[in-house]
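Oh and the sequence shown: position 48 is 510 in the numbering used here, straight run, nothing missing.
We treat Cβ as the ideally placed atom computed from N, Cα and C, and that holds for glycine.
This report concerns only the one structure given below.
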Amino acid sequence: LITAGIDASQISVSVDNDARTISVILPEASIKSHETFSDSIQISEKRDNWFNPITPEDYTQICESQNELMEEKAILYGLFDDVYSDVETEIETYLISDEIISEYYSINFIISEYISLCVKYYVILQYLQYYCYHMKGNIL
């Protein structure tokens with residue numbers, strides 16, 4: 463279970479009364495927690511046998527590497543986009559509950575696109591490197 467969100471204390475708001483706009487600047491989303499349920503993990507290795515068993519340290523290392531991969535995949539498949547969408551909906555619902563804002567102002571949300579874009583490209587690059595590394599032996 464991967465949980466993501468933003469730090470609400472980092473949200474900033476600016477109001478342009480002349481243009482009648484409210485700009486809400488959202489900070490970068492991040493992974494807040496990642497829980498792996500041990501009964502959902504099965505490890506099957508050729509080296510896991512009576513002479514060479516998988517140790518608890520091996521198990522921990524495998525779980526950690528899979529956690530990182532799952533986080534990267536979740537981000538790649540839009541986890542942070544969902545976070546931003548949910549936050550925007552909540553803030554907009556709150557703001558338009560005020561009659562003056564709902565009638566006279568437009569609300570704009572600004573996300574640090576540069577940071578978000580860099581994160582997405584980094585995740586794609588990491589995923590491709592992981593895929594190429596693990597498929598290396600299966601290419602020919």
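- request: Tell me whether Y576 is buried or exposed, calling it buried when 16 or more other Cβ atoms sit within 10 Å of its Cβ.
  value: On the sequence shown, position 114 is the one that residue 576 refers to. Residue confidence for Y576 is low, a pLDDT of 48 falling below 50, so the modelled location carries little weight and cannot support an answer.
query: Which residue from Y566, A481 and E490 puts its Cα closest to that of I468?
result: Taking the sequence shown and counting its residues from 1, one reaches residue 468 at position 6. Taking only the C-alpha atoms, the option nearest I468 is E490.
query: Would you call the CB atoms of I493 and L538 closer than 8 Å?
result: Position 31 of the sequence shown, counting from 1, holds the residue named residue 493. Position 76 of the sequence shown, counting from 1, holds the residue named residue 538. Here I493 is not near L538, since their CB atoms are 8 Å or more apart.
task: Work out the CA separation of I487 and S574 for me, nearest whole Å.
output: Numbered from 1 along the sequence shown, position 112 holds the residue referred to as residue 574. Numbered from 1 along the sequence shown, position 25 holds the residue referred to as residue 487. Cα to Cα, S574 sits roughly 8 Å from I487.
Residue nearest to E533 in terms of C-alpha spacing, selected from H496, N479 and D543: Taking the sequence shown and counting its residues from 1, the one referred to as residue 533 is at position 71. Closest by alpha carbon: H496.
field: Chain-order list of residues whose beta-carbon lies under 7 Å from that of L463 (same chain, five-residue window excluded)
entry: Here residue 463 corresponds to residue number 1 of the sequence shown, with the count starting at 1. If the five residues before and after L463 are omitted, its C-beta is found closer than 7 Å to the C-beta atoms of E497, all from its own chain and listed in chain order.
message: I'd like the list of long-range same chain contacts for N570, defined as Cβ closer than 8 Å, with 5 residues on each side in sequence excluded.
response: Here residue 570 corresponds to residue number 108 of the sequence shown, with the count starting at 1. For N570, where only same-chain residues beyond five positions count, the Cβ hits under 8 Å are T483, I484, S485 and V486.
task: Indicate whether L541 and A470 have their beta-carbon atoms separated by less than 8 Å.
output: Numbered from 1 along the sequence shown, position 79 holds the residue referred to as residue 541. Numbered from 1 along the sequence shown, position 8 holds the residue referred to as residue 470. Not a contact, by the Cβ cut-off of 8 Å.
Backbone secondary structure at A466 - three-state DSSP: For the purposes of this step, residue 466 is taken as residue 4 along the sequence shown, with counting starting at 1. DSSP places A466 in strand when its eight states are reduced to three.
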